[in-house]
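Student:
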Amino acid sequence: MKKFNIRKVLDGLTAASSSSSAASAQSGNRENDMIQETLQSEHFQLCKTVRHGFPYQPSSMAFDPVQKILAIGTQSGALRLFGRAGVECYCQHESGSAVIQLEFLVNEGALVSALADDSIHLWNLRQKLPAILHSLKFNRERITFCHLPFQSKWLYVGTERGNIHIVNVESFTLSGYVIMWNKAIELSSKTHPGPVVHISDNPMDEGKLLIGFECGIVVLWDLKSKKADYRYNYDEAIHSVAWHHEGKQFVCSHSDGTLTTWNVRAPAKPAQTITPHGKQPKDGKKPEPCKPILKVEYKTTRAGDPFMILCGGLSYDTVGRRACLTVMHGKSTAVLEMDYPIVDFLTLCETPYPNDFQEPYAVVVLLEKDLVVIDLAQIGYPIFENPYPLSIHESPVTCCEYFADCPAEVIPALYSVGSRQKRQGFSKKEWPISGGNWGQGTLSFSEIIITGHADGSIKFWDASALMLQVLYKLKTAKVFEKPHGKEEKSSTEIVDEDPFAIQILSWCPESRVLCVAGVSAHVIVYRFSKQEVTTEVVQLLEVRMQCELNEVESPECGGEQVSAVSTPGTSSSPQTSLPQSHPSTSSNNSSDGLRDNVPCLKVRSSPLKQSPGYQVELLIQLVWVSGEPPQQITSLAVNSAYGLVAFGNGNGLAVVDYLQKTLLLNMSTAELYGSTDPHHRQPRSPRKTRQPSAGLCDGNDASAAPEEKCKSPTSDARDNSFSRSRSSSVTSIDRESREVISSFYFCDSLSKKSETVAVPSLWVGTSLGSMLAIALTVPSTPEQRMQQPVGVSFCGPVVRLKGGILRMAQLDASGTLLPHVYESWYEPNAPEEERERPRRRRPTTPPSSQENPDCQYAVVCSEKQAKVVAMPSQNCVYEHNITETSFVLRADVVTMTAGVGIACFCANGHIMTLSLPSLRPLLDVNYLPLTDMRIARTFCFSNQGQALYLTSPTEIQRITYNQETCDNLQEMLGELFTPVDTPEAPNRGFFKGLFGGGAQSLDREDLFGEETAGKASRSLAQHIPGPGGMEGMKGAASGVVGELARARIALDERGQKLGELEERTAAMMSSADSFSKHAHDMMLKYKDKKWYQL
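Taking UniProt numbering, the leading residue of the sequence shown gets 1, the next gets one more, and so forth.
1) Ordered along the chain, which non-local residues of its own chain (more than five positions away) have a Cβ less than 6 Å from that of V335?
2) Specify, as a first and last residue, the run of the alpha helix (DSSP H) that G418 falls within.
3) Give me whichever residues DSSP pairs with N168 in a beta bridge.
4) Looking at residue 1095: is its Cβ nearer than 7 Å to the Cβ of E350?
5) Is W624 closer than 7 Å to L604 when the C-beta atoms are compared?
6) Along the beta strand (DSSP E) that carries P498, what are the first and last residues, could you check?
7) From R544 to I35, what distance separates their C-alpha atoms?
8) Straight-line CA distance for P782 to S419?
9) Quickly, what does DSSP pair L663 with across the bridge? List them, please.
10) How big is the Cα-Cα spacing for M808 and K661?
11) Which residues bound the alpha helix (DSSP H) around C966?
12) Please work out which residues of its chain come closer than 6 Å, Cβ to Cβ, to A758, disregarding the five sequence neighbours upstream and downstream, and give them in chain order.
13) So, is L1084 buried or exposed, given that buried needs 16 or more other C-beta atoms within 10 angstroms?
14) From H1080 to R1064, what does the alpha carbon distance come to, in whole angstroms?
15) Output the distance between the C-alpha atoms of M896 and S918, rounded to the nearest integer angstrom.
16) By Cβ distance below 6 Å, which residues in the same chain neighbour L474 in space, the five residues on each side in sequence not counted?
17) Nearest-angstrom Cα distance between M771 and L817?
18) P341: buried (16+ other C-beta within 10 angstroms of its C-beta) or exposed?
19) What's the gap between the Cα of P195 and the Cα of Q865?
20) Could you work out which residue in V365, K282, D317 is closest to C311 when comparing CA atoms only?
21) Can you pull the DSSP bridge partners for residue 1160?
22) Given a threshold of 16 other Cβ atoms within 10 Å of its Cβ, counted over all protein chains shown, does G674 qualify as buried or as exposed?
23) Compare the beta carbon distance of E510 and S915 with 7 Å and say whether it is the shorter of the two.
24) By alpha-carbon positions, which one of V219, H245, S171 ends up nearest to M204?
25) Per DSSP, T159 is paired with what?
26) Might you give, ordered along the chain, the residues of its own chain that have their beta carbon closer than 6 Å to the beta carbon of L930, omitting 5 neighbours on each side?
27) For Q546 and N651, I'd like the C-alpha separation in whole angstroms.
28) Where does T777 sit, in a helix, a strand or coil, going by DSSP?
29) Spell out the partners DSSP gives T451 in its beta bridges.
30) Here's the rule I'm using: 16 or more other beta-carbon atoms within 10 Å means buried, otherwise exposed. How should C1012 be labelled?
31) Distance check for V157 and N163, CA to CA, integer angstroms please.
32) If T476 and F500 are in contact, beta carbons under 8 Å, what's the gap, nearest whole angstrom?
33) Sorry if obvious, but does the Cβ on T960 come closer than 6 Å to a heavy atom of the ligand NAP?
34) To the nearest angstrom, how far is it from the Cα of T978 to the Cα of G436?
35) Are N943 and V894 close, meaning C-beta to C-beta below 7 Å?
36) Can you name the start and end residues of the alpha helix (DSSP H) that M786 belongs to?
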């Protein structure tokens, strides 16, 4: 989480640059001289804050049993650390190589990571942002396995060549002591034994090292005598080895699905061989081979039978069966099915000492896309309820919105309805991964993240105080009939069969009205209610949006785009009944006929039970037109004060009154201009017959890529190469010329030049850079609002910009952002007499004067530039070209503590902020090269300097561009390391102590130190100092591993303090001598004088 060296732009120099803000009207200059802007470049700095979600493509795992911290490594070199709920940390290895193994220095606040590029690293976890203290890069051998004994500073590193090297983790230097493969196996095998797949020391004798080779040979190596005590041979390859805590037996798992138990002193043959999932033949023959057992753990209990836990080993005839974890306890065997393949598992035990009864209480299972913790102490092995936000990717995220500084009552309201959705049957115990402490400093505002998913679900997340917790889940697919003939199974990839995928979200936090647009050209309006209702018939409105344009069918066709004039009857009347079965006309020679007036999805016919939370108010569906599927919706806006929802696509726009359930407006883009259409349009050419696709209706072509089908409005204009494109099925010429509705903004504005009083308005932005205004006449009282229709009148174009319009907002005469108009939330299901309808809130507009008739500013931001337009004169007072060579993917008008500005994210990876209203550049950071459509689809800014994006299919990365948040980040982050006493070692007992039957210790320093073992070859590995620095090294130097270093530091500090004390004492003695001398001189001077001589 490094802070970026940002290029802060000097405020006064922008006027001289070619891309500077320019005042285009003299009157605008006079007005804006009076506006004092408070937002300055020193208010901005960019840095990453936290990463939430499941680690993408996990590869390894480790657990500190004393600190109770879990570490997960990934295939991209990421490191995620988890403690108690709310304590998470993300680190990244610079090389990006896969993490193949992790080893904690137990209770030391340090972690060793081994990577696929044959490097090992020591991480200091005693600081809030962990850093690498040392790295060691092996040059000649590939690392395959590492082992760090408990309370040891010597790390065993096994390699692909079969050798074992030893690393001092304090200095990260190699010992001269090496166990060579040929010395280990000698004549027991005629061939190379393969890579080292296991290393562990005997729990009762640290001087005995158990080495497992892939071919099936296991060697018990005596470290002192430097020779093998025993060698154990088996015909099948070994995958893992586990000790019994008494050090007399160990278990091996093999590639044929067998487990072999060996007595240490009987290497001739296994004491026991079992195939847990193999069918036992009656004639006494060997059981049928099974799949490999990838890992086995052997854990003992003081009061009962031991646990043997393994993954893999299933019979080959179980094709298609999900991955399983097998728990063998006494005579019982439990097979626990998992949702995803198992990457690794760890058994959590009461003691960190390997030579004591282990007392296992839980198993942490790392799956490819989930983390499961199983309670071993309860009957049936229930799982623990996971407190981390790891279910972001439960269905792929297709869109995302971020709301900082929300009304305080929204989060408790969502939590109260969401708490009823929780699953039952979890373990009653506390989550066992409970280490670390929360951060001290917190942000004072509420934050909510909303994610839309491919299965039509929507999740609300509490993102306050750098944490993330799911509040509420809404399933929009409940409104529709289930697709027939498709097997119900959870998918974690975006696929063609995602007809319910969420494309755009529009949410009003104050009124809690939610509006969503789906990929099948449907819009659903939801109201929030605390009461349960049963809806007999879903309120449905079918809209026929038809474009009389020359659509390009192939790259050979011309690219001229022509007039989009609606034919008579285009505007459909509202329907409250359910749609009829799909009609099919035979006017075409195709076998299926032309589909017409049919929506893509069928609404459910049975009553819909709606729990407290979000409930369907209205469903709007676009229908097929003469065999053409409806185009996907590209823009959406809802306003609770007016009771209206607006949506648009490549055909035009529609405005719906969701209170009266009526369609107010349905027209093509060209009709918005009237006679002032600036675009040259031609009559529609004869259309070729196009075969509609079954299943998902894409707005352009059924063969579009799945990623294209689930796009946000900001990414609607991009394909994966980020060229200037509008769709995957039209030519580049058509993409440039075709006009799509790209954004909306509801406000009370002076949209006409003659107006002096602000009226309800809808601003419309298009992909060709036009901003147009529509005036709305909304009845004033609630009674009139439900009886009288809302009037609509066109005000025409307001301003034109380069590139598609992305965002619009409104400032008052003082340059303050006018909040959007809204109606406060009320219970929609309350009886009419009990319902308190709050009055509609609207921003106050100061009256205009003769000297300065403009009292509002419209802020418009496009893919290329931003403009500030005085209203109602429509003079452009400020203009700024944001980018010439790239284009803006996301732009938001954001409120900071110090003022208001525009935040932009460009396709070239730059994040920029501009002041308002003068559009001075305040921040420009080359942050993130855009490599993935996912980032473009999910990047969003919010107030108070917050932003986020989906950095992988399973993880949300949050960033801040606020200087104050960057400065306070250390305080807000949680602490991973907390001082905890290491448990006492197990009591050896009187007789064991007397006769030497207890654990044998080993002076590894004497064996592996440079004096005894000599120096290792310099060419074998290269030491690389880490960026952690002296402070981190001091932090790591504690406990058993750093005892000497810590004592040395303490002695140095004590000596320094003693030296300072001695100096101060000497100074005081000198001062006392001086005072005594002066006093004696004074006494002699006045000794013989009379009082009157003084």
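Just so you know, even glycine gets a beta-carbon here, dropped at the ideal spot from N, CA and C.
Tutor: Considering the structure as presented:
1) Position 335 of the sequence shown holds residue 335. Closer than 6 Å at Cβ, skipping near neighbours: C324, T326.
2) Numbered from 1 along the sequence shown, position 418 holds the residue referred to as residue 418. First-last of the alpha helix (DSSP H) with G418: 410-418.
3) As a position in the sequence shown, residue 168 is number 168, starting the count at 1. Partner(s): W154, T173.
4) Residue 1095 lies beyond the stretch modelled for the chain, which goes from 1 to 1094, so this question has no answer here.
5) Translated into positions along the sequence shown, residue 604 becomes position 604. Translated into positions along the sequence shown, residue 624 becomes position 624. First, the residue type needs correcting, since residue 604 is Arg and not Leu in the sequence shown. In this structure, W624 does not lie closer than 7 Å to R604 by Cβ.
6) As a working note, residue 498 is residue 498 in the sequence shown. The residue you asked about is not Pro; residue 498 is Asp in the sequence shown. For D498, no beta strand (DSSP E) segment is defined, and its DSSP state is neither H nor E.
7) Residue numbering aside, residue 544 sits at position 544 when the sequence shown is read from its first letter. Residue numbering aside, residue 35 sits at position 35 when the sequence shown is read from its first letter. Straight-line measurement puts the Cα of I35 at about 47 Å from the Cα of R544.
8) The residue labelled residue 782 in the question sits at position 782 within the sequence shown. The residue labelled residue 419 in the question sits at position 419 within the sequence shown. Rounded to the nearest angstrom, the two C-alpha atoms are 33 Å apart.
9) The count along the sequence shown starts at 1 and reaches residue 663 at position 663. Answer is V656.
10) Locating residue 808 in the sequence shown gives position 808, counting from the first residue. Locating residue 661 in the sequence shown gives position 661, counting from the first residue. Distance between the alpha carbons of M808 and K661: 27 Å.
11) Within the sequence shown, numbered from 1, the residue matching residue 966 stands at position 966. C966: member of the alpha helix (DSSP H) spanning 963-967, first to last residue.
12) Translated into the one-based positions of the sequence shown, residue 758 becomes position 758. Within its own chain, the residues whose Cβ lies closer than 6 Å to the Cβ of A758, once the five positions on either side in sequence are excluded, are D748, S749, L750, T845, listed in chain order.
13) As a first step, residue 1084 must be located in the sequence shown, where it is residue number 1084. Exposed, because fewer than 16 other Cβ atoms sit within 10 Å of the Cβ of L1084.
14) As a working mapping, residue 1080 is identified with position 1080 in the sequence shown. As a working mapping, residue 1064 is identified with position 1064 in the sequence shown. R1064 has its alpha-carbon roughly 24 Å from the corresponding atom of H1080.
15) For the purposes of this step, residue 896 is taken as the residue at position 896 of the sequence shown. For the purposes of this step, residue 918 is taken as the residue at position 918 of the sequence shown. Cα atoms of M896 and S918: separation of roughly 16 Å, rounded to the nearest angstrom.
16) Taking the sequence shown and counting its residues from 1, the one referred to as residue 474 is at position 474. Same-chain partners within the cutoff: I458, Y614.
17) Here the question's residue 771 lines up with position 771 in the sequence shown. Here the question's residue 817 lines up with position 817 in the sequence shown. Their backbone Cα atoms lie some 19 Å apart in a straight line.
18) Position 341 of the sequence shown holds residue 341. Classification of P341: exposed, given that the 10 Å Cβ count is below 16.
19) Taking the sequence shown and counting its residues from 1, one reaches residue 195 at position 195. Taking the sequence shown and counting its residues from 1, one reaches residue 865 at position 865. In this model, P195 and Q865 are separated by some 59 Å (Cα to Cα).
20) As a position in the sequence shown, residue 311 is number 311, starting the count at 1. In terms of Cα proximity to C311, the closest of V365, K282, D317 is V365.
21) Residue 1160 is absent from the model: the chain starts at 1 and stops at 1094.
22) Within the sequence shown, the letter at position 674 stands for residue 674. Answer is exposed; the Cβ neighbour count stays below 16.
23) Locating residue 510 in the sequence shown gives position 510, counting from the first residue. Locating residue 915 in the sequence shown gives position 915, counting from the first residue. Cβ distance not < 7 Å, so E510 and S915 don't count as in contact.
24) Taking the sequence shown and counting its residues from 1, one reaches residue 204 at position 204. Closest option to M204, Cα to Cα, is H245.
25) Here residue 159 corresponds to residue number 159 of the sequence shown, with the count starting at 1. T159 is bridged to I143.
26) Taking the sequence shown and counting its residues from 1, the one referred to as residue 930 is at position 930. Taken in chain order, the residues that qualify are A907, G909.
27) Counting from 1 along the sequence shown, the entry for residue 546 is found at position 546. Counting from 1 along the sequence shown, the entry for residue 651 is found at position 651. Roughly 6 Å separates the two Cα atoms.
28) Here residue 777 refers to the residue found at position 777 of the sequence shown. When secondary structure is reduced to three states using DSSP, T777 falls in the strand class.
29) Here residue 451 corresponds to residue number 451 of the sequence shown, with the count starting at 1. DSSP lists C400, K459 as the beta-bridge partner residues of T451.
30) The count along the sequence shown starts at 1 and reaches residue 1012 at position 1012. Looking at the sequence provided, one finds Thr at residue 1012 rather than Cys. Classification of T1012: exposed, given that the 10 Å Cβ count is below 16.
31) As a first step, residue 163 is located in the sequence shown; it is residue number 163 there, counting from the start. As a first step, residue 157 is located in the sequence shown; it is residue number 157 there, counting from the start. One alpha carbon belongs to N163, the other to V157, and they sit about 8 Å apart.
32) In the sequence shown, counting from the first residue as 1, residue 476 sits at position 476. In the sequence shown, counting from the first residue as 1, residue 500 sits at position 500. The pair is a contact, with the Cβ atoms about 6 Å apart (cut-off 8 Å).
33) The model on display carries no ligand, and the ligand NAP is accordingly not part of it.
34) On the sequence shown, residue 978 is found 978 positions in, with the first residue counted as 1. On the sequence shown, residue 436 is found 436 positions in, with the first residue counted as 1. About 6 Å.
35) Counted from its first residue, the sequence shown places residue 943 at position 943. Counted from its first residue, the sequence shown places residue 894 at position 894. At a Cβ-Cβ threshold of 7 Å, N943 and V894 count as neighbours.
36) Start at 1 with the first residue of the sequence shown, and residue 786 comes out as number 786. Residues 782-787.
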